[in-house]
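>
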Amino acid sequence: MKLYFRYISMLLKCQMEYRTSFLLLSFAQFFVPFLVFVSIYLLFQRFPDIAGWSLYEVAFCYGIIHVCFSISECVGRGFDSFSPLVRKGLLDQFLLRPRSILLQVLGSQFEFTRIGRLIQSLVVLGFAIVHLDIIWNFQAIVTLIFMIVGGIFIFIGIFMLGATLCFWTIEGIELVNILTDGGREISQYPLNIYPEGIRRFFTFIIPFGVVNYIPLLFLVGKLEASSMLVSILYTATPLAGILFIFPCIFIWNLGLRHYSSTGS
Amino acid sequence: MKYRQSYVRSYIAYFFLQIKQGLQYRTAAFAGAITQFCWGFMLLFIFQAFYQSNVQAQPISYTQIVQILWLQQAFLAFFVLWFRDNDIFTMILTGSIAYELCRPIHLYSFWFVKLISARLSSASLRSIPILLVAAFLPAPYSLNFPPTTEHFVYFFLTLFLGLILLVAISMFVYISTFYTYSAVGSMLLFAVFGEFFAGLIIPVPLMPLWLQKIVYALPFRYTCDVPFRIYAGHIGIPEAIVSIYIQLGWILFLVVLGRYFLQKSLQKVVVHGG
Amino acid sequence: MIEVLHLRKQFKVYERKERLRDAFSSFFFPKWKWVHALEDVSFHINPGEIIGYIGPNGAGKSTTLKIMSGILLPTSGTCKVMGMIPWKNRIEYVRQIGVVFGQRSQLWWDVPVLDSFLLLKEIYRIEEKRYKTSLSRLVDILQLQDLLPKPVRQLSLGQRIKCEIAASLLHQPSILFLDEPTIGLDAVAKIAIRKFIQRINDENKVTVILTTHDMHDIEALTNRVILIGKGRTLFDGNVSLLKEKYTTDHSIEEIIAQVYTEYEI
């Protein structure tokens with residue numbers, strides 16, 4: 001763990017060397033998603049309602065998923081840009097070091113400029129929370145934290161899957177973006193606006209719905225907890241997102257083994 | 265005169281070379297087409313949910329939005345400003361631009377041809393499958409024909425001019441690299457706002473009126489908003505004709521300005537020694 | 539210490555088609571063929587030796603090295619280094635070897651060399667005392683004092699290679715694999731590297747396996763040469779043996795060229 005932080009501080013040093021580039025990129029990273037939110041805001045001025053949800057509820061959904069995405073993008077950048085990593089021969093380098101490959105890949109990149117996107121998502125989330133009547137008791141706060149943690153694990157899992165694909169082929173990687181960028185854009189809105197198939201997919205297979213839609217229903221009171229136990233269950237639902245990463249790690253290890261037997 | 269002819273010939277040759285190169289990336293194009301198709305569907309559902317949940321009349325109908333969305337996805341490569349031509353960036357950032365200056369070509373036109381052909385080859389591979397599949401979808405998700413043949417002709421013309429206009433705009437991103445030395449940062453910022461004002465993030469008719477006024481004053485919407493709305497029948501023929509004149513005007517203005525700035529930047533490079 | 543027996547390695551290589559029609563068919567029915575990188579490689583290396591591993595390009599040198607360092611699995615055959623199988627228990631094994639690939643860098647590009655060393659210290663879990671002794675010794679012999687605070691991108695090739703070799707020895711491994719370490723270096727740098735390798739072999743008994751195209755490296759450093767061609771070990775013995783086989787007044791390069799022709803590699 002300490003090693004991971006060492007890696008990160010090293011990367012920060014590297015990136016700080018290029019200060020203007022760093023600032024410009026961070027700035028741009030703020031506006032890319034922010035303009036998307038601006039468009040949602042403007043759409044709500046013409047369409048005050050979407051499938052029973054108000055602007056602030058959608059903003060909450062949006063804020064959560066973007067917080068998860070920006071943190072995952074920072075942390076999981078090594079997986080996101082895994083293809084050039086393999087091409088440069090860095091994977092061989094990692095195999096020669098006495099540490100787990102997963103740790104080294106995570107430590108190979110940390111995209112600090114994504115902080116721009118993170119700030120944007122916090123702004124939107126703040127905006128949403130201020131306008132919603134959610135009672136912020138201990139349980140609600142815990143639910144919120146679980147939502148963010150669960151979402152991060154799902155995104156990193158998808159990044160990992162995308163990276164694992166690189167072990168077999170260097171083409172068609174773009175398709176993984178359907179799950180990361182696509183998944184993010186879809187989950188920005190509460191899932192019930194979509195047809196059944198999409199809703200099911202993003203609840204059970206790539207479980208974004210579990211980290212932002214279902215807890216949202218619970219927090220804004222659209223889902224009543226019939227008992228204390230059920231209430232705790234609803235709070236814990238986002239943690240199911242963490243489970244997503246286990247099959248991803250398993251497939252990753254399969255990929256590593258394949259790489260070792262076929263070479264680069 | 266002979267010199268001029270050989271110029272033109274070399275550009276044409278270069279153009280076809282770039283297109284051929286672009287066509288090599290078949291798998292990437294296929295993957296890209298699928299990605300964009302999914303994206304298109306997602307947007308369709310989102311807009312459908314908006315339209316279905318509200319009764320008030322909107323300045324543009326859902327069917328028309330569907331047309332625009334599919335055209336946006338199909339011709340994405342034409343109009344995204346973040347299309348990275350790494351060659352040009354590397355050239356500027358590493359100083360190997362010196363080599364280009366030794367060649368008997370005019371740099372602005374050379375890059376212009378490069379950029380247009382790159383976009384054309386990228387879009388041609390992706391657009392056809394997307395358009396075909398979209399045409400056969402069940403209503404209301406399907407891509408339909410434009411209301412009249414006249415509309416189609418104007419669509420085609422404005423699309424073509426829109427591409428030229430966009431490349432003229434994008435030249436400024438590359439030129440700005442001479443000053444900021446950061447390829448990605450400057451392009452991303454410019455691209456993000458440019459795309460917003462072109463109606464790629466929120467359709468122009470759905471913007472509030474005060475924003476529409478700003479958008480109409482800028483050149484961005486004349487790249488893709490105009491042709492797509494003509495196709496959808498939302499813009500009538502009279503307005504289409506006016507738009508063509510405006511497109512030509514912007515193209516002229518931006519090309520002249522771009523050539524001037526490029527000249528100045530190159531002088532700066534020569535002075536600094538690269 | 540190193541025992542390699544009948545090592546074989548085959549790769550599946552997919553054919554890529556140019557024409558659109560063929561591209562479609564190859565998408566659904568991919569055509570591939572076997573590439574035999576290694577057919578039959580066997581040798582035995584004792585601790586403390588310096589071995590020159592030579593052969594023409596594509597003979598299988600890098601493949602053998604990758605198998606010996608544990609990053610590649612052979613199709614068949616055995617390989618045991620210090621009693622361990624390299625690809626089993628990778629992390630434990632890798633802790634005890636040092637590898638330098640001449641073309642690729644293991645240091646972090648934008649930060650001072652010393653920072654890279656400190657991070658490697660963490661990765662290999664080298665204790666403070668051991669690290670200090672190891673580092674000071676390497677800095678001393680290789681004259682790295684002025685290079686330590688500089689970022690790697692500012693170093694010349696020769697300076698970088700010196701740092702790379704130092705980096706690979708920080709954790710005091712007992713085996714060092716060097717893949718073309720002197721490529722692109724000027725004469726002064728080459729001699730410095732050779733002297734260094736000789737010294738760590740004499741004083742620390744580090745076993746060195748060196749692949750190179752520079753025959754002067756071989757002459758200066760190694761007493762034993764293993765020649766590989768088309769995936770097979772063809773010659774294993776002293777350099778002087780090679781020289782005796784052919785006219786002794788030819789330069790070593792000419793001798794090697796003759797050897798290659800004779801073995802039809």
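Residue numbers (this note's numbering), protein chains in the order written: chain A, 1 to 264; chain B, 265 to 538; chain C, 539 to 803. Backbone N, C-alpha and C fix where the C-beta goes; we use that ideal spot for every residue, glycine too.
#1: Would DSSP call residue 650 of chain C helix, strand or coil?
#2: Could you pull out every residue in the same chain whose Cβ sits closer than 8 Å to the Cβ of residue 57 of chain A, ignoring the five residues on either side in sequence?
#3: Just list the alpha helix (DSSP H) runs in the segment 608-670 of chain C, keeping only unbroken ones of 4 residues or longer that don't cross its boundaries, in chain order.
#4: Quick check on residue 637 of chain C - is its C-beta less than 9 Å from some C-beta in chain A?
#5: Alpha carbons only, please: which of B:312, B:430, B:453, B:527 is nearest the one belonging to residue 484 of chain B?
#6: I need the DSSP call for residue 802 of chain C, collapsed to helix, strand or coil.
#7: Please list, in chain order, the chain C residues whose beta carbon lies closer than 8 Å to that of residue 84 of chain A.
#8: If you draw a straight line from the C-alpha of residue 416 of chain B to the C-alpha of residue 392 of chain B, how long is it?
#9: Please list, in chain order, the residues of the segment 602-623 of chain C that have any C-beta partner in chain A closer than 8 Å.
#10: Using the rule of at least 16 other Cβ atoms within 10 Å of the residue's Cβ for burial, across every protein chain shown, is residue 277 of chain B buried or exposed?
#11: Pairs of beta-carbons, one from the segment 702-717 of chain C and one from the segment 650-665 of chain C, closer than 8 Å: are there three or more?
#12: Have a look at residue 713 of chain C and residue 686 of chain C and give me their C-alpha separation to the nearest angstrom.
#13: Give me the Cβ distance between residue 632 of chain C and residue 98 of chain A, rounded to the nearest whole Å; I'm assuming they're in contact under 8 Å.
#14: Could you tell me whether any Cβ in chain E is nearer than 9 Å to the Cβ of residue 315 of chain B?
#15: If you reduce the DSSP assignment to three classes, tell me which class residue 751 of chain C lands in.
#16: Pick helix, strand or coil for residue 466 of chain B, following the three-state DSSP scheme.
#17: First and last residue of the alpha helix (DSSP H) that includes residue 108 of chain A?
#18: So the candidates are C:727, C:732, C:626; which of them puts its Cα closest to the Cα of residue 590 of chain C?
#19: Does any residue of chain B bring its CB to less than 9 Å from the CB of residue 177 of chain A?
#20: Alpha carbon to alpha carbon, what distance is there between residue 79 of chain A and residue 386 of chain B?
#21: Excluding five sequence neighbours on each side, which residues of the same chain lie with their C-beta closer than 7 Å to the C-beta of residue 26 of chain A?
#22: Of the choices A:154, A:184, A:231, whose alpha-carbon is the least far from that of residue 243 of chain A?
#23: Where does the unbroken alpha helix (DSSP H) through residue 111 of chain A begin, and where does it stop?
#24: Determine, using beta-carbon pairs with one atom in the segment 180-190 of chain A and one in the segment 64-73 of chain A, whether at least three such pairs fall under 8 Å.
#25: Name the chain A residues whose beta carbon is nearer than 7 Å to that of residue 299 of chain B?
#26: I'd like to know if residue 61 of chain A contacts chain C, where contact means its C-beta is closer than 9 Å to some C-beta of that chain.
#27: Can you grab the Cα-Cα spacing for the pair residue 234 of chain A / residue 176 of chain A, in whole Å?
#28: For my contact list, residue 435 of chain B and residue 376 of chain B are in at a C-beta cut-off of 8 Å; report their separation, rounded to the angstrom.
#29: Straight-line CA distance for residue 406 of chain B to residue 475 of chain B?
#30: How big is the Cα-Cα spacing for residue 250 of chain A and residue 749 of chain C?
#31: From what residue to what residue does the beta strand (DSSP E) around residue 571 of chain C run?
#32: Less than 9 Å between the C-beta atoms of residue 539 of chain C and residue 745 of chain C, yes or no?
#33: Against chain A, which members of the segment 303-328 of chain B pass a CB distance test of less than 7 Å?
#34: Using a Cβ-Cβ cut-off of 9 Å, state whether residue 629 of chain C counts as contacting chain A.
#35: Enumerate, from N- to C-terminal direction, the unbroken alpha helix (DSSP H) stretches of 4 or more residues contained entirely within the segment 318-345 of chain B.
#36: So, at 7 Å on beta carbons, what are the nonlocal neighbours of residue 626 of chain C in its own chain, with the 5 sequence-adjacent residues on each side left out?
Quick answer:
#1: Three-state DSSP puts residue 650 of chain C in a strand.
#2: These residues qualify, in order along the chain: 128, 132, 190, 216, 220.
#3: As far as the segment 608-670 of chain C is concerned, its whole alpha helix (DSSP H) runs of at least 4 residues are 628-632, 651-661.
#4: A Cβ of chain A is located within less than 9 Å of the beta carbon of residue 637 of chain C.
#5: Of B:312, B:430, B:453, B:527, the residue nearest in Cα terms is B:430.
#6: Here residue 802 of chain C sits in coil by DSSP.
#7: Neighbours of residue 84 of chain A in chain C, taken as residues whose beta carbon is under 8 Å from its own, are absent, since the nearest beta carbon is some 14 Å off.
#8: Residue 416 of chain B and residue 392 of chain B have their C-alpha atoms some 17 Å from each other.
#9: Result list: 604, 607, 608, 609, 610, 611.
#10: It counts as exposed.
#11: As far as the Cβ criterion goes, the segment 702-717 of chain C touches the segment 650-665 of chain C, which means the pair count is three or higher.
#12: Cα to Cα, the separation comes out at about 25 Å.
#13: Yes, they are in contact, since the Cβ atoms of residue 632 of chain C and residue 98 of chain A sit about 5 Å apart, within 8 Å.
#14: You won't find chain E in this structure, because its protein chains are A, B and C.
#15: Looking at residue 751 of chain C - three-state DSSP - the assignment turns out to be coil, as it is neither helix nor strand.
#16: Residue 466 of chain B sits in coil when the DSSP states are folded into three classes, being neither helix nor strand.
#17: Element bounds for residue 108 of chain A: 101-108.
#18: Taking each of C:727, C:732, C:626 in turn and checking the Cα distance to residue 590 of chain C, the smallest one comes out for C:732.
#19: Answer yes: the Cβ-Cβ gap between residue 177 of chain A and chain B drops below 9 Å somewhere.
#20: Computed Cα separation, rounded: 26 Å.
#21: Closer than 7 Å at the Cβ level, and outside the excluded window around residue 26 of chain A, lie 113, 115, 116.
#22: Cα-wise, what sits closest to residue 243 of chain A is A:154.
#23: In the DSSP assignment, residue 111 of chain A falls outside any alpha helix (DSSP H), carrying neither H nor E.
#24: Three or more Cβ pairs drawn from the segment 180-190 of chain A and the segment 64-73 of chain A lie within less than 8 Å of each other, which places the two stretches in contact.
#25: Those within 7 Å of residue 299 of chain B in chain A are 174, 175, 177, 178.
#26: Interface annotation, residue 61 of chain A: not in contact with chain C, CB-CB separation never under 9 Å.
#27: The straight-line gap from Cα to Cα measures roughly 30 Å.
#28: Rounded, the Cβ-Cβ distance is 7 Å, consistent with contact.
#29: So the alpha carbons of these two residues sit roughly 29 Å apart.
#30: In this structure, the CA atom of residue 250 of chain A is about 37 Å from the CA atom of residue 749 of chain C.
#31: Secondary structure note for residue 571 of chain C: its beta strand (DSSP E) is the uninterrupted segment 570-583.
#32: Taking 9 Å as the Cβ cut-off, residue 539 of chain C and residue 745 of chain C qualify as a contacting pair.
#33: Across the segment 303-328 of chain B, CB contacts with chain A closer than 7 Å involve 303, 306, 309, 310, 313, 314, 317, 318, 322, in sequence order along the chain.
#34: Chain A contact via Cβ: present.
#35: Within the segment 318-345 of chain B, the complete alpha helix (DSSP H) runs of at least 4 residues are 326-338, 340-343.
#36: Excluding five sequence positions before and after residue 626 of chain C, none of the CB atoms of its chain fall closer than 7 Å to its own CB.
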